[in-house]
Amino acid sequence: MGQYFSLSAASFLLASGYAGARSVLEPAGEEAQQIAVLFWVMLSGGALIWLGVVGLLLHSALFNRRRLAEKSASRIILWGGVVFPSVTLCALLAYALWLMPGLRPFAQASSAALRIEVTGRQFWWEVVYHPSQGPPVASANEIRLPVGERVELTLKSADVIHSFWIPPLGGKMDMIPGRINRLSLKATKPGVFRGPCAEYCGTSHALMAFSAVAMEPEAFRSWLAAQAIPAPSAGASGSALFLRHGCGSCHFVAGTDARGTIGPDLSHLGSRVTVGAGILPNTEDAVARFIARPELIKPGSSMPAFDMLPPGDVRAIAAWLRGLQ
1 MGQYFSLSAA SFLLASGYAG ARSVLEPAGE EAQQIAVLFW VMLSGGALIW
51 LGVVGLLLHS ALFNRRRLAE KSASRIILWG GVVFPSVTLC ALLAYALWLM
101 PGLRPFAQAS SAALRIEVTG RQFWWEVVYH PSQGPPVASA NEIRLPVGER
151 VELTLKSADV IHSFWIPPLG GKMDMIPGRI NRLSLKATKP GVFRGPCAEY
201 CGTSHALMAF SAVAMEPEAF RSWLAAQAIP APSAGASGSA LFLRHGCGSC
251 HFVAGTDARG TIGPDLSHLG SRVTVGAGIL PNTEDAVARF IARPELIKPG
301 SSMPAFDMLP PGDVRAIAAW LRGLQ
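Quick note: the sequence shown uses the UniProt record's numbering, first residue 1, plus one each step.
Here it is, written out as structure tokens:
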């Protein structure tokens with residue numbers, strides 16, 4: 001019994017996900033709210049069936065051990081083993097089908113005023129915002145959404161199958177090479193949530209994540225407007241070192257001569273919650289560590305190491321990147 005309880009507890013923890021910013025049972029979005037309700041209803045229905053079967057078993061084993069007549073036994077099997085489970089399961093199925101229209105990944109996408117294009121890459125996320133008015137805005141490894149407004153996400157992959165998932169906001173959706181999938185989300189609470197890649201995609205699959213930031217609508221629009229123009233410090237002295245050491249061949253930084261498209265867009269790196277696709281806090285030291293030895297932090301990363309550079313140059317580049325707000 002103890003082993004069974006431990007397994008049950010472990011299964012429950014796995015089903016509920018991590019607490020806080022990763023929990024599917026602390027919803028902060030319309031779709032996630034319906035998923036959480038469906039989970040609790042299904043759990044209650046399953047528990048009801050389990051309690052009925054175990055209660056009948058205990059009653060037979062402990063209190064009523066006499067042999068039953070064939071007619072009584074048949075009646076118990078009919079009502080307890082056929083009718084009761086069938087009615088309960090049919091009720092659960094009917095409830096799930098009733099929820100289905102709202103849980104479809106593209107439900108109400110036509111009402112979205114903002115489209116966000118997300119491309120999964122080994123092992124980072126390319127993000128492009130397409131507002132209804134104004135030019136596209138590029139970012140990476142972070143997604144921001146306005147609270148109370150529906151957003152449509154178009155999901156693609158540039159290499160292998162990835163899976164996009166923000167547990168507190170909604171369900172997961174695969175990103176498949178050569179195909180565009182759509183996901184519609186509506187955040188209902190502000191906050192910072194963690195989104196993992198939910199499909200094994202290679203060596204650093206477990207190190208491929210992103211921050212999802214749900215903001216008040218006015219704050220979001222101000223942030224998006226700021227992201228559409230070069231950072232005020234884009235032309236600072238660190239940019240010369242960034243370009244001299246070849247970083248601009250892979251990375252794009254608005255307002256500079258860095259025009260690379262291979263790696264993440266770094267135009268406003270300093271304003272992001274994390275670096276390295278959700279695995280390090282956005283600090284100057286973390287940026288410097290990633291520049292010097294990225295393969296130690298993210299195995300399989302296509303970014304080469306720059307540990308041959310003078311430490312002062314690495315620090316200067318890191319400080320400049322952190323200043324790109």
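Built from N, CA and C at the ideal position, the CB exists for glycine as well.
Note that the structure is predicted; figures quoted are calculated from it, not measured.
Taking a 10 Å sphere around the C-beta of E26, we find 16 or more other C-beta atoms and assign the residue as buried. Rounded to whole angstroms, the gap between the alpha carbons of V287 and V253 is 16 Å. With fewer than 16 neighbouring CB atoms inside 10 Å of its own CB, S132 falls in the exposed class. With contacts defined by Cβ atoms closer than 8 Å, E199 and D159 do not form a contacting pair. Residue pairing by DSSP places L280 opposite V275 in a beta bridge.
According to the DSSP secondary-structure assignment, S157 is paired through a beta bridge with G120 and P177. Scanning the region 225-304 for uninterrupted beta strand (DSSP E) segments of 3 residues or longer gives nothing; none is fully contained. In this structure, A228 keeps its C-beta atom at 8 Å or more from the C-beta atom of G255.
Within the model, the alpha-carbon separation for Q122 versus A292 is close to 19 Å. Closest option to A32, judged by alpha-carbon separation, among L99, E70, S72 and T88: L99.
Contact between A212 and A277 is absent: CB atoms are separated by about 13 Å, not below the 8 Å threshold.
Considering only T119, P146 and L56, the residue with the shortest C-alpha distance to A113 is P146.
Spanning the alpha carbons of G323 and G270 requires a straight line of approximately 5 Å. When the five nearest sequence neighbours on each side are left out, the beta carbons in the same chain lying within less than 8 Å of the beta carbon of V53 are those of G80, in order along the chain. Residue pairing by DSSP places M215 opposite P146 in a beta bridge.
Per DSSP, the continuous beta strand (DSSP E) segment holding P196 begins and ends at G191 to P196. In the structure shown, the three-state DSSP call for E199 is coil. G29 is positioned such that its CB atom lies closer than 8 Å to that of P168.
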